[in-house]
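With the sequence shown counted from 1, adding 47 to any position gets you my numbering. Where a beta carbon is used, it is the ideal one built from N, C-alpha and C, also for glycine. In this text, all values refer to a predicted model and were calculated from it rather than measured experimentally. Okay, structure first, notes after.
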Amino acid sequence: MSIATYYDILRVSRQAAPEGVRSAYRKLAQRYHPDKLQGHDDAARVMAALNEAYAVLSDPQKRALYDRSIAGAQARAAAARRIAAQPRLREPAWPWWLLFATIAFAMAAIGTVAYRMIFPGVAIAAVHAQKVMKK
């Protein structure tokens, strides 16, 4: 999708001389003037666009600045197209082993707590037996 430039609005090329711009503006202004197109609501909008385009393209300094902005926009669009056309690198996979390790650790912790709650004497006896064995 491209956006209409002032050159497109006045239907002139980017290399058009100031006389060519003026001539194109006059032809289009006569054709789309709101006084000639009494029943059309868009006539004023079209005429405003023509006036704005002519104001920029008739002034050499404004035209040079406008040409630079168009060139920059085209360069940015071309760069965006190049980036979009590049193949995407595969993103690193999520470390599933970390999930499994976390689940295993949680199950071991829950199992230990459950074991000590269900068999409190056995766990204490095992600790006591280890202490006696060390002596």
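Pairwise C-alpha distance: residue 104 and residue 62 = 11 Å
Would you kindly work out how many angstroms separate the C-alpha atoms of residue 58 and residue 71, rounded to a whole number?
-> 7 Å
Under a three-way DSSP split, which group does residue 83 fall into?
-> coil
With distances taken between CB atoms, is the gap from residue 56 to residue 102 smaller than 8 Å?
-> no
What's the gap between the Cα of residue 81 and the Cα of residue 87?
-> 8 Å
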